[in-house]
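Below is one structure, written out as structure tokens; comments come after it.
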Ligand SMILES: [Zn+2]
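In the UniProt record's numbering, the protein residues as written are 1 to 258.
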């Protein structure tokens, strides 16, 4: 692509998206890293995100992730989420807000879990249940019991903390999606943090064209991606969808048809 900005064409049959907090930022969910990110603004919250401090930090976890889930649920998906869903493309996401599923995406690899679900604190127990996003430090504030109905251990939000493994099923799905992509598009993620930093090169090694859509691309991103679009994903992605589906491509708008 030498002229004009990149957009997908009919040659792209397997588009796979990788999304990060940037795609949800306009819902009021802040990004996490960077000077205006949640970790910088709320150092106490950042400290509570370490698994080795459990279970003492459970009230903070419920409070923070319950609030996130509530903000996300009440706002709903963005134009970017909706365009990705209408493209029918699978998504690998670092987000825990459930907004891809809310937009209608069917294949979503949630690398960092989901704030819309509760799990048992005991990793050997497989209890998991949807929650009702609320406000407060107690599981009951979010519509789930404080003790696991299966084993009696405390419950927690199903969100991956800093020193925890990524869910193996989600990671495996992400790797398979990256390998089968012919167009791999990262949106709203720096692409420099694991596993995002590995997925784009993996897709590229398997023949995909790699694209970053980020209004403020991080330094070094042009080495990871074939195309870097420093634009608003909420404009770029709906535009891609219109082009691919020819929505609005009616003859009276087309100067070459009469
Ligand atoms: Zn349990």
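All residues carry an ideal CB built from backbone N, CA and C; glycine is no exception.
Residue i, buried or exposed, once every other Cβ within 10 Å from all chains shown has been counted against 16
{"i": "residue 151", "result": "exposed"}
{"i": "residue 11", "result": "exposed"}
{"i": "residue 230", "result": "exposed"}
{"i": "residue 13", "result": "exposed"}
{"i": "residue 52", "result": "exposed"}
Between the CA atoms of residue j and residue i - distance to the nearest angstrom
{"i": "residue 268", "j": "residue 145", "result": "A question about residue 268 goes unanswered here, because the residues of the chain that appear run from 1 up to 258."}
{"i": "residue 261", "j": "residue 168", "result": "There is simply no residue 261 to check, as the chain begins at 1 and stops at 258 in what is shown."}
{"i": "residue 80", "j": "residue 238", "result": "7 angstroms"}
{"i": "residue 126", "j": "residue 241", "result": "38 angstroms"}
{"i": "residue 88", "j": "residue 106", "result": "8 angstroms"}
{"i": "residue 163", "j": "residue 189", "result": "20 angstroms"}
{"i": "residue 74", "j": "residue 84", "result": "20 angstroms"}
{"i": "residue 218", "j": "residue 176", "result": "26 angstroms"}
{"i": "residue 236", "j": "residue 213", "result": "8 angstroms"}
{"i": "residue 118", "j": "residue 139", "result": "9 angstroms"}
{"i": "residue 141", "j": "residue 166", "result": "27 angstroms"}
{"i": "residue 148", "j": "residue 49", "result": "21 angstroms"}
Near ligand 1: residue i beta-carbon under 7 angstroms from a heavy atom
{"i": "residue 122", "result": "yes"}
{"i": "residue 240", "result": "no"}
{"i": "residue 153", "result": "yes"}
{"i": "residue 127", "result": "yes"}
{"i": "residue 156", "result": "no"}
{"i": "residue 243", "result": "no"}
{"i": "residue 246", "result": "no"}
Beta-carbon proximity list for residue i, same chain, < 6 angstroms, skipping 5 on both sides
{"i": "residue 96", "result": "112, 113, 114, 115, 159"}
{"i": "residue 143", "result": "131, 132"}
{"i": "residue 206", "result": "179"}
Residues near residue i by beta carbon distance below 7 angstroms, same chain, minus five either side
{"i": "residue 137", "result": "59, 62, 63"}
{"i": "residue 55", "result": "121, 154"}
Close Cβ partners of residue i (< 8 angstroms) along its chain, the five nearest in sequence each way excluded
{"i": "residue 101", "result": "108"}
Cβ of residue i within 8 angstroms of any chain C Cβ
{"i": "residue 212", "result": "Of the protein chains in this structure there is only one, and it is not chain C."}
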